[in-house]
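Student: Start counting the sequence shown at -16; every next residue gets the next number (the numbering used here).
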Amino acid sequence: MRWDIFCQIVDNYGDAGICWRLARSLTSLHGQDVRIFCDDLPTLNLLASGVDDSITKKIDLQPWEASYDNARHPVTTPEVVIEAFGCALPDRYLAGLLIASKKPIIINLEYLSAEPWVVDFHGKASPQAHGLAKYFFFPGFQDNTGGILIDPIPKESNDSIPQVLKSTWAKLRPHAKRISVFCYPGAPLGKWLQDLSKVGEDFDVVLTYGQLEQLNLSISNSIDLPPHIQLLSIPFVSQDEYDWVLSQCDFNIVRGEDSFVRAQLAGKPFIWHIYPQEDRAHEVKLAAFLDLYLESANECVRAACIDAMHWKLPSHWIAAFDAWSSYSKAWRAQLLQKQGDGGLAARLIRFVA
Ligand code: TRH
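Next up, the structure:
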């Protein structure tokens, strides 16, 4: 089938990251034809960079306006139109669909949430005045939801260091625990690191692109932190290289929707610095996830994880680190087993079919 994915970038990398991951999965693993129309092509191109040409060649990345500019880009009507995160379609594109002889199905692809109500709303029709068929598609962890974007499934162990990370990895201390950091500006990271330096172990902290500036520290004034803590900055890497980083660290701090899922697939303990919403809806979402995630955890892992996810200082919960690590591996296995039907991309194709 031919798919048009509409991607409006609100901020950061997640909107583009999800659309690109979905497009990649639909084309490479499921043989679909995909175009993405995006209102911020440079960000989408950044996310799409660093993968094999064989993958990139299959996906047509277009500016938003190209979706209705017949002269520049003759519009063939697709079988499926995705409104990523409920973005509205351009009027002129929609008008083209209305006069097309074969009508597509429109999917409102929603945000991922572990909240129980998602099961009841997933797959429901969203009747429109214009008459085109439109449905809600809710990603989720539970069986009767749209599932999770799991591709490409990261390998559990992969020792070959990506070229771009070689110089950083050469500085890591073999005995030190590794932590990767990708969080929003509001995180109390300075205080968190100060506390970590007191737990009596060495930590190498890998700061992803932009995090050092956010921390408002520079490598040269990191004397604020004792030698137990080594800060290392890495550039913006490809999605697969970022997966590699997550799998090579002992603990990861992640944010948005995509890195949150990737941290789980890495099978390591993590803090989800969930995207803050004004109405504090993120607190409900975090609680719903923790309910699911900790369903089979023992008391020690449960308490540590809840503390950590609420940014309690590491000295409060680090004693449970090993137990949480084993639990994270088991959670990864369970997640992959539940998404064994191919996860979100495969469920989307089956839904449309
Ligand atoms: O960047 P994010 O915070 O993005 C978003 C947006 O804020 C969006 O508005 C919001 O709706 C959404 O989150 C929930 O976080 P996220 O989702 O984790 O996306 C980051 C993407 O960037 C993900 O695909 C991984 C990728 N990435 C790289 O490819 N290389 C890197 O070096 C890093 C750090 C990330």
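Just so it is clear, CB atoms sit at the ideal spot from N, CA and C, and this is done for glycine as well.
Are the beta-carbon atoms belonging to F124 and F104 less than 9 Å from one another?
Tutor: no
Student: Please name the residue in L155, P168 and D290 whose C-alpha comes closest to that of F185.
Tutor: The sequence given here has Asp at residue 185, not Phe. Selected option, being the one with the closest Cα: L155.
Student: Using 8 Å as the Cβ pair cut-off and three pairs as the minimum, do the stretch 319 to 332 and the stretch 300 to 311 touch?
Tutor: no
Student: Give the straight-line distance between the Cα atoms of G130 and K181, rounded to the nearest whole angstrom.
Tutor: Rounded to the nearest angstrom, the two C-alpha atoms are 40 Å apart.
Student: Within 10 angstroms of the Cβ of I133, are there 16 or more other Cβ atoms? Answer buried if so, exposed if not.
Tutor: buried
Student: Are the stretch 289 to 296 and the stretch 87 to 94 touching, with three or more C-beta to C-beta distances below 8 Å?
Tutor: no
Student: Is D(-6) a contact residue of the ligand TRH, with contact defined as CB to any heavy atom under 8 Å?
Tutor: yes
Student: Looking only at its own chain, which residues have a Cβ that is under 6 Å from the Cβ of L269, when we skip the five neighbours before and after it?
Tutor: Closer than 6 Å at the Cβ level, and outside the excluded window around L269, lie I257.
Student: Less than 8 Å between the CB of Y118 and some heavy atom of the ligand TRH, yes or no?
Tutor: no
Student: Give the DSSP-derived three-state secondary structure of R285 in the structure shown.
Tutor: helix
Student: Measuring only the C-alpha atoms, how far is T191 from I217?
Tutor: Take the alpha-carbon of T191 and the one of I217: they are about 5 Å apart.
Student: Taking 8 Å as the cut-off, does the CB of V189 come closer than this to any heavy atom belonging to the ligand TRH?
Tutor: no
Student: Are there 16 or more other CB atoms within 10 angstroms of the CB of R238, so buried, or fewer, so exposed?
Tutor: buried
Student: Determine which residues share a DSSP beta bridge with E66 and list them.
Tutor: Paired residue(s): F(-11) and N91.
Student: Suppose contacts are defined by Cβ-Cβ distances below 9 Å. Is K174 in contact with L296 by that definition?
Tutor: yes
Student: Quick one: complete beta strand (DSSP E) runs, 3+ long, within the stretch 101 to 159?
Tutor: 117 to 120
Student: Rounded to the nearest angstrom, how far is the Cβ of T26 from that of I(-8), given a contact under 8 Å?
Tutor: 5 Å
Student: Compute the Euclidean distance between the alpha carbons of P252 and N235, then round it to the nearest angstrom.
Tutor: Their Cα atoms are separated by approximately 7 Å.
Student: On the DSSP letters alone, give me the boundaries of the alpha helix (DSSP H) that I42 sits inside.
Tutor: Looking at the DSSP string, I42 is not in any alpha helix (DSSP H); the run it does join, the beta strand (DSSP E), is I42 to P46.
Student: Beta-carbon separation of A271 and A97 under 9 Å?
Tutor: Yes. Within cutoff.
Student: To which residues does DSSP link D16 through a beta bridge?
Tutor: R(-15)
Student: Give me the Cα-Cα distance between A336 and M(-16), rounded to the nearest whole angstrom.
Tutor: 10 Å
Student: I need the straight-line Cα distance from L176 to R285, nearest angstrom please.
Tutor: If you take the alpha carbons of L176 and R285, they lie about 22 Å apart.
Student: Compare the Cα-Cα distances from Y167 to each of D223, S8, I254 and A264 and report the closest residue.
Tutor: I254
Student: How is F219 classed by DSSP in three states: helix, strand or coil?
Tutor: coil
Student: Among I136, D126 and P46, which residue has its Cα nearest to the Cα of D223?
Tutor: I136
Student: What span of residues does the alpha helix (DSSP H) with L29 cover, start to end?
Tutor: L24 to A31
Student: Alpha carbon to alpha carbon, how far is A316 from K86? Give it in angstroms, no decimals.
Tutor: Between the C-alpha atoms of K86 and A316 there is a straight-line separation of about 40 Å.
Student: Determine the burial state of G326: buried for a count of at least 16 other Cβ atoms within 10 Å of its Cβ, exposed for fewer.
Tutor: buried
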